[in-house]
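Numbering (UniProt numbering), first residue to last: 1 to 1122. Below is one structure, written out as structure tokens, with a few remarks after it.
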């Protein structure tokens, strides 16, 4: 850190040597010189050990500084230095300069003390009595002393008496162990004509018996007063520049700054040329003060200024940054309060009372370094009287308020001494200091105090002791040499011992007498190949044999022995291998190694911690029994030494299979694949998944396949154990405009499980919610266009009261979707919710909101059906027959009701639509769908259906004849391409619908849910009459290929397919779809001649299409389900 102050201040150097008087002074006092600018008389450097401070020196021509010493009364320290030459002005007012900056490094081992600074130059040694205060650390609490107005050598003053008064003040400062002493001017008169007075003031006068300021252990600082001028009585005569130059030459720096811990001190020259309102020629001092506070002096918490006159530049500094304490002289007043505040609210200012010519007093302050606060132990004025009793003009009568005395001479000649401190002050003192000077070469102890530092000086040993003093009390602090008691003998226990090889034995040495000063001993072994011994007497057996252990005292070399016998038992056993992995049914030989190799008894036994996993025989052969872990332990007969081997038995994977082996997924949808490991008890069932074509389908770590684009990809599962593989062929089809069926077991789910314990489900299983709130099932579906879609959920539910939350694309659409009971877990029903989907990928999520939900089989996503007429009202319906037409709600297929007619005559259901209906399809691809009820088909004759855009019969019309009706409701689906056509029907403006029939007796007929849609049947060059159960279409290039389906119509049981013309070498895909394009079943055929399917419970009463396709050819057959 360097020294702790003056980092930005341009300090001083000797400008010149004034006349022959100063030259004579230099010769007469060759041990000190005014050419040291800093530290010099008015200043003291404060520095920590191991750190640096600067010396400013004005060298004569050709003069060099060879080294620098720090010298105290008891020790001389050599330092390391680094010199930089130049030309620096240290006082802007006088213009005085110096030409060398010397950086001095204080040794880290330096004792804390106040030192004289000695420059060893080419022209002789030079001493600065300003000196150096070396610290170990800053004190947390420390004392500052302040005095002023010495008036030495002023006419009519007894200077010798005043100097002796100053000595007593220094004695008190040294006992208190003050860190800092500050004098604020008017100390000496007429120094120019009497230079010896300067020497007397700073370093004392042996003839007069005075000590001088250099004898203070505190760092001492001095600022100019208005009586330290040039001429006559030195009463500030001459110009301010001349006064400044004079002070530079005889005292040192006229103003300076320094730091101590968190405190910032500014000793200012406010004696010359200033007034309370005009800073005059000292403006540069104010500017430098402010700059120092903002720069090198920043960061402190306690700000102090000192100077002779209270009302001058302190005010300028206080206006810039508030001061905590101002020290000033000049006024020679005292009082219970401080009446000379700089400004309202400013800190207290302490003043010396009168001059020490008339009063024997000083100020004292105690500063807390951490808090940045101070107290005044002596009371409101912080003023202390040095004398307790006596005549202040007669030194022989003086009894001071603080006095230190020794019972013996404190000159390094005695090893015991008592220091008595008599504190007559009415306040306590913390950390008072006693320095004992004692002979070297001894250890010392103290009572009633704490040793803060001790060191060997050049001749003597120094012991510094700190002690706290009570008010109005006396305290004795003693020091004494520690006496040495010699050792007379040593005994060792046990005298003999037998130790097992490798073991230890603690030996104990007993010193006599028990109060011997030096009980240090050393240990040795006569045979370290047999036994060794540590410095604490711990014996370690190395090998069989005998060794003698000897203990020897450091004091007197007294000895004793113990005889140690080492035996060789078994010390350890180790098993190899320490770990092993064995396949179930295999064996592993373990080997036990005994240590030491020459152990007498090498018998061991073996055991298994889990014989259900692995067994071991008497020779260490391990047999794997079942998967798991077992610890095999070997134990020596001698000493029961154990070791273990951890055996892991694994069951290897022999194969893996994937289901389903093939699957067709719509682009954007998912398919869950399941990997089954064989055997079921294989140890490592970890698998990885990969896709042969990620542009078509990707697969995640759990086997969930996501369709990306149309095409085929092979999904491969690979076991971590053995790299066994299996595959599933995934066919991705493009997004279709029609309905999509999404199996629940292929969707994403959490908490729920895939189950197969109920009958009637489609696909490979269904989702069973497991009675946990927050479980969910989520499908992903791609649709080609945005719009309204029917979300039809196939489910079973024994009893009602298990609603689910429905979310679409993360948004709650139905907070509680209620599912009516189906009466049985194997009875399935469909619940439809119409929702808006976006074009592309959509997520449909069902979440349990209670503790459970129903069984979910599949989700059908279909565009909302476009009805020509819902038949939910009789409006605009008419008939030309006498049979009554009515609206009927009891038995219907859709909506709230249907249209009914009862009678025996020829009848017709007829409606003309006031607003034409746009079917969105064409005659080539359209289909008419509706439900038709007949109570007794044996009594009905011809049935004809008409659909047109002319608003009347036979005008721009499509017509069909119906046959093959059954009793009850019949779903009628008629391809518009198979209709008889009259005129030019417009499928975008349909406004005519009619059914008429003939009857042989009275029966009931009804119609419901009339729709016109795109049939989603591939184009065909050959269409046949689309009566129920006939072939829908075939490709012309498939003339040699055929498929026969039976039974057709189909109800349940086995559906048989006879196939002709397809080659086994090609991948022939079988697909069953409904009229809306919904895929009910698909697979790749392994037998291209015959296929049997069990579709029980999977097909509703409707029309379906069975297609076969090998990439080049495709044929389609219609299947009727009743």
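Where is the CB? At the ideal position from N, CA and C, for every residue including glycine.
Assign residue i to one of three DSSP states: helix, strand, or coil.
| i | result |
| --- | --- |
| residue 525 | strand |
| residue 425 | coil |
| residue 192 | coil |
| residue 938 | helix |
| residue 406 | strand |
| residue 1029 | With a pLDDT of only 29 at residue 1029, under the threshold of 50, the placement of this residue in the model should not be trusted, and no figure is reported. |
| residue 471 | coil |
| residue 394 | coil |
| residue 282 | helix |
| residue 10 | In this prediction, residue 10 scores a pLDDT of 30, lower than 50, which makes its location untrustworthy; no coordinate-derived value is stated. |
| residue 1041 | coil |
| residue 1016 | Annotation note: pLDDT 46 at residue 1016 (below 50); position unreliable, coordinate value reported separately. Three-state result, residue 1016: coil. |
| residue 293 | helix |
| residue 26 | The pLDDT assigned to residue 26 is 33, lower than 50, so where the model puts this residue is not dependable, and the model offers no usable value. |
| residue 503 | coil |
Considering residue i, what are the terminal residues of the alpha helix (DSSP H) in which it resides?
| i | result |
| --- | --- |
| residue 302 | Segment 302-307 is the beta strand (DSSP E) holding residue 302; no alpha helix (DSSP H) there. |
| residue 163 | 159-176 |
| residue 894 | Looking at the DSSP string, residue 894 is not in any alpha helix (DSSP H), and its letter there is neither H nor E. |
| residue 318 | 313-320 |
| residue 374 | Premise fails: residue 374 lies in the beta strand (DSSP E), 373-375, not in any alpha helix (DSSP H). |
| residue 249 | 240-250 |
With distance defined between alpha-carbon atoms, name the residue in the options nearest to residue i.
| i | options | result |
| --- | --- | --- |
| residue 1042 | 830, 567, 1061 | 1061 |
| residue 308 | 255, 322, 294 | 255 |
| residue 748 | 767, 733, 926 | 767 |
| residue 707 | 742, 833, 629 | 742 |
| residue 482 | 108, 1047, 424, 417 | 417 |
| residue 1051 | 1101, 1093, 1010, 586 | 1101 |
| residue 1086 | 1080, 1059, 1095, 1106 | 1059 |
| residue 267 | 227, 328, 283 | 328 |
| residue 463 | 474, 470, 446, 469 | 446 |
| residue 461 | 64, 75, 876 | 75 |
| residue 53 | 101, 975, 59 | 101 |
Quick one: residues in its chain with C-beta nearer than 6 Å to the C-beta of residue i, no 5 flanking neighbours on either side, listed in chain order?
| i | result |
| --- | --- |
| residue 693 | 713 |
| residue 290 | 320 |
| residue 128 | 36, 39, 40, 117 |
Considering residue i, what are the terminal residues of the beta strand (DSSP E) in which it resides?
| i | result |
| --- | --- |
| residue 48 | 45-48 |
| residue 606 | 604-608 |
| residue 113 | 113-121 |
| residue 907 | 907-917 |
| residue 729 | 725-733 |
| residue 792 | 787-796 |
| residue 898 | 898-903 |
| residue 874 | Counting along the chain, residue 874 falls outside any beta strand (DSSP E), and DSSP gives it neither H nor E. |
Between residue i and residue j, is the Cβ-Cβ spacing less than 8 Å?
| i | j | result |
| --- | --- | --- |
| residue 826 | residue 760 | yes |
| residue 852 | residue 802 | yes |
| residue 43 | residue 106 | no |
| residue 777 | residue 868 | no |
| residue 212 | residue 201 | yes |
| residue 702 | residue 715 | no |
| residue 144 | residue 365 | yes |
| residue 604 | residue 554 | no |
| residue 905 | residue 882 | yes |
| residue 1123 | residue 37 | As displayed, the chain neither begins before 1 nor continues past 1122, which places residue 1123 out of reach and without an answer. |
| residue 487 | residue 518 | yes |
| residue 781 | residue 861 | yes |
| residue 854 | residue 792 | no |
| residue 898 | residue 913 | no |
Between which residues of its own chain and residue i is the CB-CB distance below 7 Å, once the five residues before and five after are set aside?
| i | result |
| --- | --- |
| residue 303 | 264, 321, 323, 324 |
| residue 983 | 950, 955, 956, 957 |
Here's a check: name, in chain order, each residue in its chain whose Cβ is nearer than 8 Å to the Cβ of residue i, leaving out the five neighbours to either side.
| i | result |
| --- | --- |
| residue 1121 | 1049, 1050, 1051, 1099, 1100, 1101, 1102, 1103, 1104 |
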